[in-house]
Amino acid sequence: MSIKKIGVLTSGGDAPGMNAAIRSVVRYAIYHKLEVMGILRGYEGLINEELMPMNHRSVSNIINRGGTILKTARSERFMAEEGQGLAVEVIRKNKIDGLVLIGGDGTYRGGNCLSEKWKIPCVGVPCTIDNDLNGTDATIGSDTAVNTALDAIDKIRDTATSMERIFVVEVMGRSSGFIAMQVALAGGSEDVIIPGRELDYETMCHEIVNGNLRGKVSWIIIVAEGTSSASEVAQEILKRTDLETREVVLGHVQRGGSPTATDRILATRLGAAAVDLLLKGETNKAVGIVADKVNVVDFETATKEKPVSFEELYRLLKILT
Ligand code: F6P
Numbered sequence: 496m497s498i499k500k501i502g503v504l505t506s507g508g509d510a511p512g513m514n515a516a517i518r519s520v521v522r523y524a525i526y527h528k529l530e531v532m533g534i535l536r537g538y539e540g541l542i543n544e545e546l547m548p549m550n551h552r553s554v555s556n557i558i559n560r561g562g563t564i565l566k567t568a569r570s571e572r573f574m575a576e577e578g579q580g581l582a583v584e585v586i587r588k589n590k591i592d593g594l595v596l597i598g599g600d601g602t603y604r605g606g607n608c609l610s611e612k613w614k615i616p617c618v619g620v621p622c623t624i625d626n627d628l629n630g631t632d633a634t635i636g637s638d639t640a641v642n643t644a645l646d647a648i649d650k651i652r653d654t655a656t657s658m659e660r661i662f663v664v665e666v667m668g669r670s671s672g673f674i675a676m677q678v679a680l681a682g683g684s685e686d687v688i689i690p691g692r693e694l695d696y697e698t699m700c701h702e703i704v705n706g707n708l709r710g711k712v713s714w715i716i717i718v719a720e721g722t723s724s725a726s727e728v729a730q731e732i733l734k735r736t737d738l739e740t741r742e743v744v745l746g747h748v749q750r751g752g753s754p755t756a757t758d759r760i761l762a763t764r765l766g767a768a769a770v771d772l773l774l775k776g777e778t779n780k781a782v783g784i785v786a787d788k789v790n791v792v793d794f795e796t797a798t799k800e801k802p803v804s805f806e807e808l809y810r811l812l813k814i815l816t
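Using our numbering, read the sequence shown as starting at 496 and increasing by one per residue.
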């Protein structure tokens, strides 16, 4: 079947670079004489038939903007067969021949279901700050999130140094630990609590007390979301060392802001690559970039746990501390 009209949606947590990806999908598709429908609010908007035709100008001046002009949501209804059936009716009624799904693992699971069970051609573009998808070296948004968190941590360091305190900073990343390890290394943090490494309070506090005896007066300890919490770690450090400790949860600040050049370029390349796949008649696939080349995996592979080891980076961090 030749593709004439595609739909594009963003779903799950927003990530910087989503707009750049939408722009690329829309303009690349128009270049290839396709009609493009923007679907608002992810799968939820699809069920509710929240559609808008898009043209070249619909995506003007958005490459530099955070968030997503298509809005995004986490749809409970789409998880059930009934919601999926409603979404498929909307797709058929509007003669949409294929979908570009921009998002993370939840978005991909939806795409897997639409393409396998409901036979709707779907291609995914990896866009999440967590960098937890297979088939790509980086997901769109992760570079910006790391830089945003790093900027905040650099500022916290000013207070930590001036007031001679310990700061425990919790960063996002779901269960991947990517942001935590990156900012810990780039920010010269004293320690990082990441998935795959045991949280060893004894060693950590021993190092803090010993350092303090030698005259070291400030620490930044990064906590990856999902391993513990900034407040729990700060309380435990205070209890064991009696040194003034503060906690900071960076939270959703990491999801916003203008995307870095790296994320804009990634989004631009991957949006076009996704349209290319639909034009070739492919479905149930996710695009990515590996070693600077476009790479394609199926949705199931993309959402399997990403095999990462932080051992080498952690060792380096501890040597340099
Ligand atoms: O997946 C992106 C992310 O920001 C995760 O790092 C975090 O665990 C989650 O989304 C938070 O989701 P919400 O914004 O729905 O609270």
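We treat Cβ as the ideally placed atom computed from N, Cα and C, and that holds for glycine.
Please read all numbers here as calculations on a predicted model, not as lab measurements.
Query - Cβ contact check for the region 711-719 and the region 655-674: 3 or more pairs under 8 Å - result: Segments in contact, yes.
Query raised in the report: Taking the C-alpha atoms as reference points, what is the distance between Lys614 and Arg764?
Result: Reading the sequence shown from its first residue, position 119 is the one you call residue 614. Reading the sequence shown from its first residue, position 269 is the one you call residue 764. Straight-line Cα distance between these residues: approximately 26 Å.
Report task. Compare the beta carbon distance of Arg759 and Asp509 with 7 Å and say whether it is the shorter of the two. Result -> For the purposes of this step, residue 759 is identified with residue 264 of the sequence shown, where counting begins at 1. For the purposes of this step, residue 509 is identified with residue 14 of the sequence shown, where counting begins at 1. Contact check for Arg759 against Asp509 fails: the beta carbons are separated by 7 Å or more.
Query raised in the report: For Ala679, which residues from the same chain have a beta carbon less than 7 Å from its beta carbon, with the 5 sequence-adjacent residues on both sides left out?
Result: One-based indexing of the sequence shown puts residue 679 at position 184. Spatial neighbours of Ala679 in its own chain (CB-CB distance under 7 Å, excluding positions within 5 residues in sequence) are listed in chain order as Val687, Ile717 and Leu812.
Query raised in the report: First and last residue of the beta strand (DSSP E) that includes Ala781?
Result: Against the sequence shown, residue 781 aligns to sequence position 286. The continuous beta strand (DSSP E) containing Ala781 extends over residues Lys780 to Val785.
**Report entry** Heavy atom of the ligand GDP within 6 Å of Leu738 beta-carbon
**Finding:** Judged by which ligands are present, the ligand GDP is missing from the structure shown, whose ligands are the ligand F6P.
Query raised in the report: Taking the C-alpha atoms as reference points, what is the distance between Asn705 and Gly682?
Result: In the sequence shown, the residue the question calls residue 705 occupies position 210. In the sequence shown, the residue the question calls residue 682 occupies position 187. For the pair Asn705 and Gly682, the Cα-to-Cα distance works out to about 22 Å.
**Report entry** Burial state of Asn607, where buried means 16 or more other Cβ atoms lie within 10 Å
**Finding:** Translated into the one-based positions of the sequence shown, residue 607 becomes position 112. Buried, by the Cβ-count rule.
Query raised in the report: Which first and last residues belong to the alpha helix (DSSP H) in which Met513 is found?
Result: Numbered from its first residue, the sequence shown carries residue 513 at position 18. Looking at the DSSP string, the run of the alpha helix (DSSP H) that includes Met513 is Met513 to Tyr526.
**Report entry** Nearest residue (CA-CA) to His551, options Tyr526, Arg536, Gly561 and Glu545
**Finding:** As a position in the sequence shown, residue 551 is number 56, starting the count at 1. If we check each option's Cα against that of His551, Tyr526 comes out closest.
Query raised in the report: Using a threshold of 6 Å, is the CB atom of Gly668 nearer than that to any non-hydrogen atom of the ligand F6P?
Result: Indexing the sequence shown from 1 puts residue 668 at position 173. Yes.
Report task. Could you check the C-alpha separation between Leu504 and Ile635 for me, to the nearest Å? Result -> For the purposes of this step, residue 504 is taken as the residue at position 9 of the sequence shown. For the purposes of this step, residue 635 is taken as the residue at position 140 of the sequence shown. Pairing Leu504 with Ile635, the inter-Cα distance amounts to about 15 Å.
Query raised in the report: What residue range is occupied by the uninterrupted alpha helix (DSSP H) comprising Lys813?
Result: The residue you call residue 813 lines up with position 318 of the sequence shown. First-last of the alpha helix (DSSP H) with Lys813: Glu806 to Leu815.
Report task. Take Ala729 as the anchor and find which of Cys700, Cys617, Val748 and Ser555 has the nearest alpha-carbon. Result -> For the purposes of this step, residue 729 is taken as residue 234 along the sequence shown, with counting starting at 1. Of Cys700, Cys617, Val748 and Ser555, the residue nearest in Cα terms is Cys700.
Query raised in the report: Helix, strand or coil: how does DSSP classify Met549 here?
Result: In the sequence shown, counting from the first residue as 1, residue 549 sits at position 54. In the structure shown, Met549 sits in a strand (DSSP, three-state: E or B).
Query raised in the report: Does the distance from the CB of Pro511 to the CB of Gly752 come in under 7 Å?
Result: Here residue 511 refers to the residue found at position 16 when the sequence shown is read from its first residue. Here residue 752 refers to the residue found at position 257 when the sequence shown is read from its first residue. For Pro511 and Gly752, yes; Cβs fall inside 7 Å.
Query raised in the report: According to DSSP, what are the bridge partners of Phe662?
Result: Taking the first residue of the sequence shown as position 1, residue 662 is located at position 167. Answer is Ile715 and Arg741, bridged to Phe662.
**Report entry** Met532 vs Gly502 beta-carbon contact at 7 Å
**Finding:** Residue 532 sits at position 37 when you count from the first residue of the sequence shown. Residue 502 sits at position 7 when you count from the first residue of the sequence shown. Closer than 7 Å, so yes.
Report task. Return the CA-CA distance between Ala516 and Ile534, expressed in angstroms with no decimal places. Result -> For the purposes of this step, residue 516 is taken as the residue at position 21 of the sequence shown. For the purposes of this step, residue 534 is taken as the residue at position 39 of the sequence shown. Using only the alpha carbons, I get a separation of about 14 Å.
Query raised in the report: With 16 other CB atoms within 10 Å as the buried threshold, where does Gly599 fall?
Result: Your numbering for residue 599 matches position 104 in the sequence shown. Here Gly599 is buried: its Cβ has 16 or more other Cβ atoms, across all protein chains shown, within 10 Å.
Requested in this report: Sort out for me which residues DSSP pairs Cys622 with in a bridge.
Outcome: Start at 1 with the first residue of the sequence shown, and residue 622 comes out as number 127. According to DSSP, which records beta bridges pairwise, Cys622 is partnered with Ile635.
Query - Proximity winner among Ile624, Thr623 and Ala582, relative to Lys612 (alpha-carbon distances) - result: Working through the sequence shown from its first residue, we reach residue 612 at position 117. When each option's Cα is compared against that of Lys612, the closest is Ala582.
**Report entry** Per-residue DSSP class, three states only, for Leu504
**Finding:** Start at 1 with the first residue of the sequence shown, and residue 504 comes out as number 9. The answer is strand: DSSP assigns Leu504 an E or B state.
Query - Within 7 Å, strictly: CB atoms of Ser670 and Gly721 - result: Residue numbering aside, residue 670 sits at position 175 when the sequence shown is read from its first letter. Residue numbering aside, residue 721 sits at position 226 when the sequence shown is read from its first letter. Between Ser670 and Gly721, the gap from beta carbon to beta carbon is short of 7 Å.
Query - Nearest residue (CA-CA) to Thr798, options Leu815, Lys780 and Ala769 - result: As a position in the sequence shown, residue 798 is number 303, starting the count at 1. Answer by Cα proximity: Lys780.
Query raised in the report: CA-CA distance, Ala633 and Pro690?
Result: Position 138 of the sequence shown, counted from the first residue, corresponds to residue 633. Position 195 of the sequence shown, counted from the first residue, corresponds to residue 690. The straight-line gap from Cα to Cα measures roughly 18 Å.
Query raised in the report: So is Glu539 buried or exposed if we call it buried at 16+ other beta carbons inside 10 Å?
Result: In the sequence shown, the residue the question calls residue 539 occupies position 44. Note on Glu539: 16 or more other CB atoms within 10 angstroms of its CB, so buried under the neighbour-count rule.
Query - Beta-bridge pairing of Gly598 - partner residues as DSSP gives them - result: Translated into positions along the sequence shown, residue 598 becomes position 103. Bridge partners of Gly598: Pro621.
Query raised in the report: According to DSSP, which residues form a beta bridge with Gly593?
Result: Your numbering for residue 593 matches position 98 in the sequence shown. Answer is Ile501.
Query raised in the report: Based on the DSSP output, what are the partners of Asn790 in its beta bridges?
Result: Translated into the one-based positions of the sequence shown, residue 790 becomes position 295. When beta bridges are read from the DSSP output, Asn790 appears opposite Gly783.
Query raised in the report: Should Arg518 be labelled buried (16 or more other beta-carbon atoms within 10 Å of its own) or exposed?
Result: Sequence index remark: in the sequence shown, residue 518 carries index 23 (1-based). Classification of Arg518: buried, given that the 10 Å Cβ count is 16 or more.
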